[in-house]
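Contents: one structure, followed by commentary.
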Amino acid sequence: MKIYDFKENIKKVPLTGLPEYIWTYYKIPILAAACILVLVISLANALLNNVLSDPVLSVGVTGQVDTYCSDRIDALLAETFPGSTGFQAPVHSNVTSPADEKNPYGPVQLMSYLAAGDLDTLIADTATVDFFLSSNSLIKVEDISDTSLGKDAAAHGVSPLFYIILPDNSKKGNSDDLKAAERFLEAIRQQ
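Mapping of the sequence shown onto our numbering: residues 264 to 454, in sequence order.
Printed below as a string of structure tokens:
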């Protein structure tokens, strides 16, 4: 008994009839492979969307505060958001204060952070808070001058400090980001 040989049979089929031959005899494996491929792609897409949709707290810190308190802020973020919380690792970025006379583009840079949805929270000095109050772009402002972080900053001439929750309507899960911001604020107060 001769074992079926695909190569041998395919040579006998004329080139114009090849697609019809393959479809007639191999449509079940082709359809099964297509179903598996669609399943794998949809699973990968769902996993990727799930990972990307996890809330991320984006913490902006104005330059002068960042200079003196950067390590403390990173330590607080690491304590507040361990892997078990369901939040991705927070992003800490240095933001130029709009009141910084050395950088005339400070207000534009800060507003572009906001417009791009790259900033959920800000730790800043009074001049930066005044800028946001005058531009009506705040959801909430909390004074953290009386915390150990605020006192450290004050020792370096950066006082008072304010923790600011900024609006971010462009991202999904904004309420989760606000919850993360509140959790971070609680961690600052407990120090």
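Every residue, glycine too, gets a C-beta built ideally from N, C-alpha and C.
In this text, all values refer to a predicted model and were calculated from it rather than measured experimentally.
- Query: Three or more beta-carbon pairs under 8 Å between the stretch 330 to 339 and the stretch 413 to 420, yes or no?
  - Reply: Counting Cβ pairs under 8 Å, three or more are found: they touch.
- Item | Enclosing beta strand (DSSP E) for V358 [first to last residue] | Per DSSP, V358 belongs to the beta strand (DSSP E) from V354 to V358.
- Query: Between the Cα of N399 and the Cα atoms of D388, S411 and I427, which residue gives the shortest distance?
  - Reply: The option with the nearest alpha carbon to N399 is I427.
- Item | Cβ distance (whole Å) where Q327 is taken to contact V421 below 8 Å | Going by Cβ atoms, the distance from Q327 to V421 rounds to 5 Å, so yes, they are a contact pair.
- Query: Cβ atoms of V354 and Y222: under 8 Å apart, would you say?
  - Reply: Residue coverage of the chain in this structure runs from 264 to 454, which leaves residue 222 outside it and unanswerable.
- Among Q454, L306, F447 and L385, which has the Cα closest to the Cα of T325? Considering only alpha carbons, the answer is L385.
- Reference L424; option with closest CA among S438, S411, L382 and D406: If you compare the alpha carbons of S438, S411, L382 and D406 with that of L424, the shortest gap goes to D406.
- Query: What residues are listed by DSSP as bridge partners for Y426?
  - Reply: Note: Y426 sits in a beta bridge opposite I386 and E405.
- Mapping DSSP to helix, strand and coil, what is G420? Three-state result, G420: coil.
- alpha helix (DSSP H) runs wholly inside the stretch 270 to 335, at least 4 long, in chain order: Listed in chain order, they are 281 to 316.
- Alpha carbon to alpha carbon, what distance is there between F394 and P370? For P370 and F394, the distance between alpha carbons rounds to 8 Å.
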